[in-house]
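Accompanying notes for the structure given below.
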Amino acid sequence: MTINKFQGRTREEAVDKAKKEMGEAVVIMNVKEIKPKGLFRALKSTTYEVTAALEEKEQTVNPLPALHAPLKMHDSINFAANEKIEIPAPEPASIHPESSHDLEEKIESLSNLLEKKLKPEKEEEPKEEEKPEKETDAPKDMKHQQSETFRCIRMIYETLLDNEVNERYVNQILDDVEKNLRGSASMDIILSNVYQKMVLKFGQPQKIELVPGQPKIVFFIGPTGVGKTTTIAKVASRFKVDYGKKVAFLTADTYRIAAAEQLRTYANILDTPLTVIYSSEEMNAAIERVKDYDLVLVDTAGFSYKNEDQRKDMRNLIESLDDKYEKDVYLVLSATTKYRDLMEIVDKYHEISDYKIIFTKLDETSSYGSLLNIRMYSGADVSYVTTGQNVPDDIEIFQSQKIVKQLLGGR
Ligand SMILES: Nc1nc2c(ncn2[C@@H]2O[C@H](COP(=O)(O)OP(=O)(O)OP(=O)(O)O)[C@@H](O)[C@H]2O)c(=O)[nH]1
Ligand SMILES: [Mg+2]
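Using full-length UniProt numbering, the first residue of the sequence shown is number 1, and each one after it goes up by one.
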């Protein structure tokens with residue numbers, strides 16, 4: 001299979017280009033609308049990017065241009081024990097390095113945003129009996145500052161609730177911040193405290209770490225249709241194409257007829273071995289055959305958290321992995337799932353194994369509150385997030401700063 005990307009001013013133009021270059025038999029796999037960015041975006045128009053594939057008779061695998069897209073994954077921040085945010089120097093692979101300047105800008109833009117929200121109340125003409133007396137004295141100034149502090153905290157409280165952060169966690173965060181502030185504080189200080197507190201609550205993202213000299217085995221588990229297989233393809237492409245590692249696929253998803261075929265398509269594209277496994281013995285034997293590989297990604301069947309039999313099967317499979325291998329289990333969750341359901345899912349999947357979380361479909365929601373809720377509820381580390389259907393582009397290492405900024409009303 002050959003995959004290429006084509007751009008045009010309209011969908012049709014992009015599709016025509018694909019057909020001209022790859023022939024009429026080309027299959028359009030995805031159409032992406034690219035909105036102009038930057039200062040002069042009003043002067044630019046939207047373009048369209050088409051991902052087109054062509055199945056060849058001979059299954060030769062070529063290095064795909066689509067898989068050489070610029071690297072988006074990068075590390076986020078480190079935390080020092082004193083809860084100060086420490087921003088490391090950008091790694092060469094980072095294309096969006098965070099700097100302390102960025103952080104200042106974020107706080108400033110958030111504080112401008114809140115300022116605007118507070119303004120209508122500020123400009124309200126005070127009632128006759130509330131009008132300040134001419135001569136101001138220190139206690140009154142203090143009172144005024146305290147009420148400003150209170151209003152600012154209230155605004156943050158409402159913004160977080162609007163973004164579907166659970167009230168229990170909003171209270172927890174703001175109580176902590178209030179304790180730290182001990183009295184009145186400026187909006188910048190309050191915001192910076194809330195921001196830091198929330199970033200800390202999210203913790204450091206946990207990405208896949210390879211083990212020298214042996215394959216790392218990574219299981220992807222989770223409810224149906226959340227994006228496990230697609231995420232595996234994205235991760236595989238990053239490790240294989242961008243980092244030059246040897247990657248193999250196993251699939252234990254033998255429940256659906258098309259499931260193995262979906263992964264086989266990606267295996268063909270990436271020229272990666274795939275083994276379908278029906279038992280734990282087959283799993284260990286298949287891993288033995290790729291023992292000189294760096295990474296073995298195990299796809300599993302999605303199932304309802306209510307299905308006890310499938311939960312048991314999954315636990316048995318994961319537990320029966322030969323002890324000599326290091327494993328990671330990633331629970332894949334859709335950011336569009338209701339918080340109440342997510343709570344049940346994280347609890348039930350805990351019966352299977354400890355896990356790190358991958359949130360998918362961030363592009364399909366604008367309320368990211370459940371990310372924080374689930375992180376605080378489950379205590380599990382967040383690792384990656386996915387932001388669309390495009391393989392391999394739409395995945396990145398979880399960046400708490402980005403999400404916290406949005407939860408506080410920034411965009
Ligand atoms: N919008 C959006 N769609 C996604 C994302 N990740 C996956 N999908 C889509 O979600 C659908 C299901 O993806 P799969 O990878 O098959 O999900 P799965 O968890 O393997 O599903 P089962 O194996 O059936 O349990 C597909 O249409 C994917 O393209 C994402 O980040 N954003
Ligand atoms: Mg799947």
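Where is the CB? At the ideal position from N, CA and C, for every residue including glycine.
Coil, strand or helix - residue i by DSSP
i	result
T265	helix
G369	helix
A236	helix
A52	strand
N166	coil
Q146	helix
E396	strand
V290	coil
L64	Residue confidence for L64 is low, a pLDDT of 33 falling below 50, so the modelled location carries little weight; the figure read from the coordinates is stated next. Three-state DSSP puts L64 in coil, outside helix and strand.
E178	helix
A25	coil
A69	Interpretation of A69 is limited by its pLDDT of 33, a score under 50 that renders its predicted location unreliable; the figure taken from the coordinates is listed afterwards. Of the three classes helix, strand and coil, the one that applies to A69 here is coil, per DSSP.
S192	helix
L295	strand
F303	coil
T10	coil
T272	coil
V218	strand
T47	strand
E326	strand
N78	Legend: pLDDT at N78 = 27, less than 50; position of this residue unreliable, value from coordinates given subsequently. Residue state, collapsed to three classes: strand.
L331	strand
K17	helix
I95	At I95, the pLDDT of 27 sits below 50, so the modelled position is not reliable and the matter cannot be decided from this model.
Short Cβ contact (9 Å threshold) for residue i with residue j
i	j	result
M198	I173	yes
residue 423	V296	Absent from the structure is residue 423, since the part of the chain shown begins at 1 and ends at 411.
P205	Y384	yes
I358	V382	yes
K32	E49	yes
L371	Y355	no
I221	S353	yes
R311	E351	yes
L181	I232	no
V391	Y266	yes
residue 416	V218	One cannot answer for residue 416 here, as it falls past the ends of the chain, which runs 1 to 411.
Y305	D347	yes
Y228	T300	Per the sequence presented here, residue 228 reads as Lys, with Tyr not at that position. Yes, these two residues count as a Cβ contact at 9 Å.
Residue i versus the options, residue with shortest Cα-Cα distance
i	options	result
E178	V194, P215, K201	V194
K246	Y255, L210, A380	L210
A18	T51, F219, P36, I34	T51
G225	E396, S353, E13, A335	A335
D323	F150, R9, Q214	Q214
I190	D176, F202, G203, K207	D176
Y169	A267, V404, D394, Y377	Y377
residue 454	M22, L161, E148	Since the first and last residues shown for the chain are 1 and 411, residue 454 lies out of range.
I34	E24, G23, F6	F6
Q406	V165, L321, N268, T47	V165
E167	L321, N390, R264, Y339	Y339
T386	K361, R375, G369, N373	K361
T10	S45, I395, V329, I232	S45
E148	E158, L270, N163, S186	S186
D393	R256, T230, G244	T230
Distance cut-off 8 Å: residue i Cβ against heavy atoms of ligand 3
i	result
K228	Looking at this structure, you won't find ligand 3 anywhere; what it does contain is ligand 1 and ligand 2.
Proximity test, residue i beta-carbon vs ligand 2 heavy atom, cut-off 8 Å
i	result
L274	no
G302	yes
A259	yes
residue 417	Outside the modelled stretch of the chain, which goes from 1 to 411, sits residue 417, for which no answer is possible.
L263	yes
D313	no
D341	no
Check: residue i C-beta below 8 Å from any heavy atom of ligand 1
i	result
L371	no
R238	no
L174	no
E364	yes
Q196	no
Q389	yes
T337	no
K348	no
residue 416	Since the first and last residues shown for the chain are 1 and 411, residue 416 lies out of range.
K361	yes
D393	no
P36	no
T386	yes
R256	yes
T224	yes
Taking 8 Å as the cut-off, does the region 400-408 touch the region 238-246 (at least 3 CB pairs, one atom from each stretch)? no
For the 8 Å Cβ check, are there 3 or more pairs between the region 270-284 and the region 305-324? yes
Pair every Cβ in the region 282-295 with every Cβ in the region 247-259, then say whether three or more of these pairs are closer than 8 Å. yes
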